[in-house]
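Enquirer: Attaching a single structure in structure tokens format; questions to follow.
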Amino acid sequence: MSDSKDRIYQDAKGAVGAFEFDERVAHVFTDMINRSVPGYAMMLEMIGVISRRYAQAGTHCYDLGCSLGASTLAIRSNLEHFNASEDKPKVIGVDNSAAMVERCRVNMERMPSAIPTEILCQDIQSTPIENASIAVMNFTLQFIPLAQREDLLHRIAVNMKSGGAMVLSEKIEFAYADKQHTLFDLHHDFKRARGYSDLEIAQKRSALENVLVPETIEAHIERLQRAGFSQAYLWFQCFNFVSFLAIK
Ligand SMILES: C[S@@+](CC[C@H](N)C(=O)[O-])C[C@H]1O[C@@H](n2cnc3c(N)ncnc32)[C@H](O)[C@@H]1O
55 MSDSKDRIYQ DAKGAVGAFE FDERVAHVFT DMINRSVPGY AMMLEMIGVI SRRYAQAGTH
115 CYDLGCSLGA STLAIRSNLE HFNASEDKPK VIGVDNSAAM VERCRVNMER MPSAIPTEIL
175 CQDIQSTPIE NASIAVMNFT LQFIPLAQRE DLLHRIAVNM KSGGAMVLSE KIEFAYADKQ
235 HTLFDLHHDF KRARGYSDLE IAQKRSALEN VLVPETIEAH IERLQRAGFS QAYLWFQCFN
295 FVSFLAIK
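The number in this note's numbering is simply the position in the sequence shown, starting from 1, with 54 added.
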């Protein structure tokens, strides 16, 4: 993984353009996400724990919006109990950023594994989901247009084996203004504590406006249930960052 420091929003910009997962972001992404998402390392570890329990032989484990492959590796490194099996699960990472996919493929090759792995450069909205036992969307659904989120989750649930699991991690918003302000401010304090300046925080926030569209915990849980998951729980929250576990 890249260890370059994120300085993208360090200097004042006249107009801040919309955020994109381009070459510049891919180059610093590991540092960016670690300093922006409270609990990110713990979420990766738990994606591994969840994958170990719910991945089924002969099925597909999807990492949708895989970026540099951090979650893909967390899934794959927890499937080694299938190494000797004739019927290993296959790990499929998908991202539509060519800059991310190129680096992700290199990261996968650096960590050889007996588990078959494919990294696809495509829009997850057109990725066929087949025979899934694991589906991870670690901070990806928030970038999908609101009107298309339910169809995507429904397609995942319908094509998931009974007993399979989905991990959905998201930045969220709150219906109550006081809670929204308190937890939002604490997230900014976290970013300051990790070395971002007020200017960097303000410019990144402006770049993400209308690109990352957060929803409430309730909206996520209700949609996971409508999509066809029999159980949907919040298993992690730190300020305005959460992760859900949904079981088919
Ligand atoms: C915040 S990053 C995900 C981080 C990653 N899952 C991890 O755990 O490190 C969001 C990723 O989703 C990808 N993405 C956004 N919309 C997408 C789409 N429609 N199809 C495929 N990938 C998409 C972006 O290119 C980006 O790499």
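Just so it is clear, CB atoms sit at the ideal spot from N, CA and C, and this is done for glycine as well. What you are looking at is a predicted structure, and each value in this text was computed from that prediction instead of being measured.
#1: Is there a Cβ from chain C that is less than 9 Å from the Cβ of isoleucine 188?
#2: Using a Cβ-Cβ cutoff of less than 8 Å, which residues in the same chain neighbour leucine 200 once the five nearest sequence positions on both sides are dropped?
#3: Kindly list the residues whose CB is nearer than 7 Å to the CB of aspartate 177, restricted to its own chain and excluding five residues on each side of it in sequence; keep chain order.
#4: Please list, following the chain, all residues that have a C-beta closer than 5 Å to any non-hydrogen atom of ligand 1.
#5: Taking DSSP as the reference, what is the three-state secondary structure of alanine 138?
#6: Give a yes or no on contact between the region 69-83 and the region 101-116, applying the rule of three or more CB pairs nearer than 8 Å.
#7: What did DSSP end up calling threonine 171 once you bin it into helix, strand or coil?
#8: Here's the rule I'm using: 16 or more other beta-carbon atoms within 10 Å means buried, otherwise exposed. How should histidine 308 be labelled?
#9: Taking the Cβ atom as the reference point for each residue, do phenylalanine 298 and leucine 288 lie within a distance shorter than 9 Å?
#10: Using CA coordinates, which residue listed in Ser251, Arg277 and Asn264 is at the minimum distance from arginine 89?
#11: For asparagine 192, count neighbouring Cβ atoms within 10 angstroms of its own Cβ and tell me buried if that reaches 16, exposed if not.
#12: Runs of 4 residues minimum, wholly inside the region 89-171: which ones carry the alpha helix (DSSP H) assignment?
#13: With a floor of 3 residues, list each beta strand (DSSP E) that falls wholly inside the region 205-288, ordered by position along the chain.
#14: Comparing alpha-carbon positions, which option in Ile188, Arg61, Ala229 and Pro166 lies nearest cysteine 115?
#15: Assuming isoleucine 146 and leucine 127 are in contact, meaning their beta carbons sit under 8 Å apart, how far apart are those beta carbons, in whole angstroms?
#16: Can you name, in chain order, every residue of its own chain whose Cβ lies under 7 Å from the Cβ of serine 125, other than the five neighbours on each side?
Expert: Based on what the coordinates show:
#1: No chain C appears in the structure shown, which is made up of a single protein chain.
#2: The count along the sequence shown starts at 1 and reaches residue 200 at position 146. Counting only Cβ-Cβ distances below 8 Å, and skipping sequence neighbours, we find Val267 and Glu269.
#3: Against the sequence shown, residue 177 aligns to sequence position 123. Taken in chain order, the residues that qualify are Asn150.
#4: Phe75, Gly119, Ser121, Ala124, Ser125, Asp149, Asn150, Ser151, Met154, Asp177, Ile178, Asn192, Phe193, Thr194 and Phe197
#5: Here residue 138 is taken as the residue at index 84 of the sequence shown, counted from 1. If DSSP states are grouped into helix, strand and coil, alanine 138 belongs with coil.
#6: no
#7: The residue labelled residue 171 in the question sits at position 117 within the sequence shown. DSSP places threonine 171 in strand when its eight states are reduced to three.
#8: Nothing can be reported for residue 308, as the shown portion of the chain is limited to 55 through 302.
#9: Walking along the sequence shown from the start, residue 298 turns up at place 244. Walking along the sequence shown from the start, residue 288 turns up at place 234. For phenylalanine 298 and leucine 288, yes; Cβs fall inside 9 Å.
#10: If you number the sequence shown from 1, residue 89 lands on position 35. Nearest C-alpha to arginine 89: Ser251.
#11: The residue labelled residue 192 in the question sits at position 138 within the sequence shown. With 16 or more Cβ atoms within 10 Å of its Cβ, asparagine 192 is classed as buried.
#12: 94-108, 124-130 and 152-164
#13: 214-225
#14: Here residue 115 is taken as the residue at index 61 of the sequence shown, counted from 1. Closest option to cysteine 115, Cα to Cα, is Ile188.
#15: Taking the sequence shown and counting its residues from 1, the one referred to as residue 146 is at position 92. Taking the sequence shown and counting its residues from 1, the one referred to as residue 127 is at position 73. Incorrect: roughly 13 Å between the Cβ atoms, too far for contact.
#16: Locating residue 125 in the sequence shown gives position 71, counting from the first residue. Leu98, Ile101, Asp117, Val190 and Asn192, listed in sequence order.
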